[in-house]
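Colleague: Each residue of the sequence shown is one higher than the one before, starting from 1 at the first, in full-length UniProt numbering.
Even for Gly, the Cβ is constructed at its ideal location relative to N, Cα and C.
Once you've had a glance at the structure underneath, I'll fire off some questions.
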Amino acid sequence: MSFTLAIVGRPNVGKSTLFNRLVGKRLALVDDQPGVTRDLREGAGRLGDLRFIVVDSAGLELVDDDSLQGRMRRLTERAVDEADICLFVIDARVGVTAADEYFADILRKRAKHVILAANKAEGRAGENGFLEAYGLGLGEPLRISAEHGEGMDDLYRVLVPLADVFEAQNVQQAPETDVDVSEDDDEDDSEDWRPSAAKPLQVAVIGRPNAGKSTLINKILGEDRLLTGPEAGITRDSISVTTDFMGTPTRIFDTAGMRKRARVTDKVEKLSVADGLRAVRFAEVVVVLLDVGIPFEQQDLRIADFAETEGRAVVVAANKWDLEEEKPQKLNELREAFERLLPQLKGAPLVTVSARTGKGLDRLHNAILKAHEVWNRRIPTARLNQWLGAMTEAHPPPAPGGRRIRLRYMTQVKTRPPAFVVMATHTDKIPDSYQRYLINGLRADFDMPGTPIRLTFRDQGTKNPYLAKANKINQSGALSKHKHRQKPKEA
Numbered sequence: 001m002s003f004t005l006a007i008v009g010r011p012n013v014g015k016s017t018l019f020n021r022l023v024g025k026r027l028a029l030v031d032d033q034p035g036v037t038r039d040l041r042e043g044a045g046r047l048g049d050l051r052f053i054v055v056d057s058a059g060l061e062l063v064d065d066d067s068l069q070g071r072m073r074r075l076t077e078r079a080v081d082e083a084d085i086c087l088f089v090i091d092a093r094v095g096v097t098a099a100d101e102y103f104a105d106i107l108r109k110r111a112k113h114v115i116l117a118a119n120k121a122e123g124r125a126g127e128n129g130f131l132e133a134y135g136l137g138l139g140e141p142l143r144i145s146a147e148h149g150e151g152m153d154d155l156y157r158v159l160v161p162l163a164d165v166f167e168a169q170n171v172q173q174a175p176e177t178d179v180d181v182s183e184d185d186d187e188d189d190s191e192d193w194r195p196s197a198a199k200p201l202q203v204a205v206i207g208r209p210n211a212g213k214s215t216l217i218n219k220i221l222g223e224d225r226l227l228t229g230p231e232a233g234i235t236r237d238s239i240s241v242t243t244d245f246m247g248t249p250t251r252i253f254d255t256a257g258m259r260k261r262a263r264v265t266d267k268v269e270k271l272s273v274a275d276g277l278r279a280v281r282f283a284e285v286v287v288v289l290l291d292v293g294i295p296f297e298q299q300d301l302r303i304a305d306f307a308e309t310e311g312r313a314v315v316v317a318a319n320k321w322d323l324e325e326e327k328p329q330k331l332n333e334l335r336e337a338f339e340r341l342l343p344q345l346k347g348a349p350l351v352t353v354s355a356r357t358g359k360g361l362d363r364l365h366n367a368i369l370k371a372h373e374v375w376n377r378r379i380p381t382a383r384l385n386q387w388l389g390a391m392t393e394a395h396p397p398p399a400p401g402g403r404r405i406r407l408r409y410m411t412q413v414k415t416r417p418p419a420f421v422v423m424a425t426h427t428d429k430i431p432d433s434y435q436r437y438l439i440n441g442l443r444a445d446f447d448m449p450g451t452p453i454r455l456t457f458r459d460q461g462t463k464n465p466y467l468a469k470a471n472k473i474n475q476s477g478a479l480s481k482h483k484h485r486q487k488p489k490e491a
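See below:
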């Protein structure tokens, strides 16, 4: 990534469509109604052989107050200040408006470099607006159509001479999951999974609308990067921001609030929920943020279950703790409800925070790091089989129809999340309750609270899984002895 490109302009000029075109995916929400984009959104842009960070912004509007539109404008102005290049987009079919002229003057004063693009300029309908763009005094405009991909070669030619001027920026990468484990290694001593500047820890913050997700992230960042306010459901896109969270390089995803499906009626909000669920798949650790006043509603449980199903480490955070009066009693109620309603996440960290004051962020940070470490944990095969022997001795598997089930050996096959395979006989007869018994034992005995654990049984029959390996060793030993006994040929 060589530079940062911020797309700015009035509402509904096609900024998000152009953003999706440059990143090659439908990441930003697009709709005919103006004002769909409200936050700053980053993506990995690609144009020919150029790689860059592209930022989609809210529409610039002529407001200076503390309204929602006013706060959106201040976020866009922040993007202008931070970007290396601003791509100023106007609607060629509408022509240059008074607002375009006003914002062009702002860009001349604040932006490091401005490229002017007349969008929707395909056909004769955009001819006049394209010519009017010369009057903005921002150089020769580009004639483009974000929807149809026209003019991208011209944009490429303008960006190429600028690409070498700027330093590398953040790279958004999907996390590596379901990592295979070699049975030959007794311990996984690799430190590759630990967060670094090149591979930051990826955290998604999810929850119901108005639980305080954006406020919490702003407190972590130490700045008002994400749009907040008393209105529920302000965040519509899932936004990713890279920061240093108490010494840990972290990429945090803020997501749109997820309501019950029956309440999701607006077209844009339906897209937002899908976008938030997609953010979970790009995270390593998922923070389920609850409103302590109304915790563990049905939608909270579904969100947490979805994160577990996707195999992500989960941390539950109860927000607005500063407003709670009976703290010890409330904490006990939260823990009891958590264990009862989410048994599949037994032992997952439950922390209390106040996004408004920042109290409890140290507990949240420690819980996230612990969950991530457990998510990457590797247990040696020898220890697993010693443990399996003790577990089966304490509670032998059932013998349906008089046919005894034998659990022959166990090994870990994956991490992120931990996945184990048990070789056994009559696997179709092993009840789910015995599988839960083993999973709960793994959590307790190997200190793996809360993380998703995958445990499968494979029918080994009467075969010894180590027999082939043992034969190979014996054969190589016999061959070595045979060579040693051979007499050297006479000269």
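Which residue marks the beginning of the beta strand (DSSP E) containing residue 207, and which one marks its end?
Modeller: Bounds of the beta strand (DSSP E) holding residue 207 are 201-207.
Colleague: With H, G and I counted as helix, E and B as strand and the rest as coil, what does DSSP make of residue 20?
Modeller: helix
Colleague: Tell me, please, which residues DSSP counts as bridged to residue 143.
Modeller: In DSSP, residue 143 forms a bridge with 118.
Colleague: In chain order, which alpha helix (DSSP H) runs of at least 4 residues are fully inside the stretch 288-328?
Modeller: 298-309
Colleague: Between the Cα of residue 357 and the Cα atoms of 197, 216, 369 and 105, which residue gives the shortest distance?
Modeller: 216
Colleague: Tell me whether the beta-carbon of residue 86 lies closer than 7 Å to the beta-carbon of residue 80.
Modeller: yes
Colleague: Just to confirm my understanding: we take residue 452, look at its own chain, exclude 5 residues before and 5 after, and list those with CB closer than 6 Å. What are they?
Modeller: Counting only Cβ-Cβ distances below 6 Å, and skipping sequence neighbours, we find 308, 311 and 417.
Colleague: Report back the beta-carbon spacing between residue 290 and residue 316 to the nearest angstrom; my notes put them in contact at under 8 Å.
Modeller: Correct: roughly 7 Å between the Cβ atoms.
Colleague: DSSP three-state label for residue 460, please.
Modeller: coil
Colleague: Flag this pair as yes or no: are the beta carbons of residue 45 and residue 54 separated by less than 7 Å?
Modeller: yes
Colleague: For residue 219, count the other beta carbons within 10 Å of its own beta carbon; 16 or more makes it buried, fewer makes it exposed. Which is it?
Modeller: buried
Colleague: Going along the chain, which residues of its own chain have a beta-carbon closer than 6 Å to the beta-carbon of residue 141, five neighbours each way excluded?
Modeller: Same-chain partners within the cutoff: 116, 118 and 133.
Colleague: Note down the Cα distance separating residue 152 from residue 109, rounded to an integer number of angstroms.
Modeller: 27 Å
Colleague: Given 8 Å as the limit, is there contact between the stretch 378-398 and the stretch 329-337, that is, 3 or more CB pairs closer than that?
Modeller: The stretch 378-398, when compared against the stretch 329-337, does not touch it at the 8 Å Cβ threshold.
Colleague: Quick check on DSSP: helix, strand or coil for residue 391?
Modeller: helix
Colleague: In the DSSP output, which residue or residues are listed as bridge partners for residue 371?
Modeller: Bridge partners of residue 371: none, in fact.
Colleague: Just how far apart, CA to CA, sit residue 237 and residue 206?
Modeller: Legend: pLDDT at residue 237 = 39, less than 50; position of this residue unreliable, no value from coordinates given.
Colleague: Classify residue 405: buried if its beta carbon has 16 or more other beta carbons within 10 angstroms, exposed otherwise.
Modeller: buried
Colleague: Can you check which of these residues, 281, 6, 126 and 176, is closest to residue 111 by C-alpha distance?
Modeller: 6
Colleague: Kindly list the residues whose CB is nearer than 7 Å to the CB of residue 281, restricted to its own chain and excluding five residues on each side of it in sequence; keep chain order.
Modeller: 310
Colleague: If residue 241 and residue 313 are in contact, beta carbons under 8 Å, what's the gap, nearest whole angstrom?
Modeller: At roughly 20 Å, the Cβ-Cβ gap does not stay under 8 Å, so residue 241 and residue 313 are not in contact.
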